[in-house]
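S.K.:
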Amino acid sequence: MSVSTASYLARRAAQKERVRILYRRALKDTLNWAVHRHLFYPDADALREKFEANRNVEDIELIDRMIAAGEASYNKWRHPDPYIVPWAPGGTKFCRNPTPPPGIEIIYNYGREDND
1 MSVSTASYLA RRAAQKERVR ILYRRALKDT LNWAVHRHLF YPDADALREK
51 FEANRNVEDI ELIDRMIAAG EASYNKWRHP DPYIVPWAPG GTKFCRNPTP
101 PPGIEIIYNY GREDND
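FYI, the numbering for the sequence shown is 1 to 116, going by full-length UniProt numbering.
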């Protein structure tokens with residue numbers, strides 16, 4: 001395997017990873033715009049068709065330009081207030097129970113204390 005072949009394969013692998021990441025982000029963001037599944041599925045199918053239409057492109061420079069255009073389009077149309085799962089960081093229930101003040105002891109073995 002020559003150096004040019006190895007660099008070509010490495011570049012193609014990096015492009016495939018960038019496309020995979022872009023598709024996953026765009027798909028998750030589509031769910032932010034169409035919260036109900038009956039609205040989400042047609043949008044997800046249209047997104048998949050956009051990616052599948054360019055699946056067989058072989059020109060490396062063209063692929064790089066298409067990825068850059070796709071990332072720019074994603075950044076332009078990204079949802080301004082994405083849905084966050086309530087118990088995830090940034091969600092409404094994340095760490096909502098404050099830590100107890102100092103001096104309050106929490107007994108974890110309640111009912112099983114030693115009767116000394």
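The beta carbon of each residue, even a glycine, is placed where N, CA and C say it ideally should be.
As the structure is a prediction and not an experimental result, all values here were calculated from the model.
I need the DSSP call for Pro86, collapsed to helix, strand or coil.
M.R.: Locating residue 86 in the sequence shown gives position 86, where the first residue counts as 1. If DSSP states are grouped into helix, strand and coil, Pro86 belongs with coil.
S.K.: Please determine if the stretch 61–71 and the stretch 10–26 are in contact, where contact requires at least 3 C-beta pairs separated by less than 8 Å.
M.R.: Short answer: they touch.
S.K.: Tell me which same chain residues have a C-beta within less than 6 Å of the C-beta of Ile84, skipping the five on either side of it?
M.R.: The residue given as residue 84 occupies position 84 in the sequence shown. Correct list, in chain order: Gly90, Gly91.
S.K.: Buried or exposed: Ala13, going by 16 or more other Cβ atoms within 10 Å of its Cβ?
M.R.: Within the sequence shown, numbered from 1, the residue matching residue 13 stands at position 13. Exposed, since its Cβ has fewer than 16 Cβ neighbours within 10 Å.
S.K.: Taking a contact to mean a Cβ-Cβ separation below 7 Å, would you say Asp43 touches Ala34 in this structure?
M.R.: Counting from 1 along the sequence shown, the entry for residue 43 is found at position 43. Counting from 1 along the sequence shown, the entry for residue 34 is found at position 34. Yes, they are a contact pair.
S.K.: Look at the alpha carbon of His79 and the alpha carbon of Asp64, and state the distance between them as a whole number of angstroms.
M.R.: As a first step, residue 79 is located in the sequence shown; it is residue number 79 there, counting from the start. As a first step, residue 64 is located in the sequence shown; it is residue number 64 there, counting from the start. In a straight line, the C-alpha of His79 is about 24 Å away from that of Asp64.
S.K.: Do you know whose CA, among Asp29, Ile107, His38, lies nearest Lys76's CA?
M.R.: By one-based count along the sequence shown, residue 76 stands at place 76. For the residues Asp29, Ile107, His38, the minimum Cα distance to Lys76 belongs to Asp29.
S.K.: Report the rounded CA-to-CA distance for Ile106 versus Arg25, giving the unit in angstroms.
M.R.: Looking up residue 106 in the sequence shown gives position 106. Looking up residue 25 in the sequence shown gives position 25. One C-alpha to the other measures close to 42 Å.
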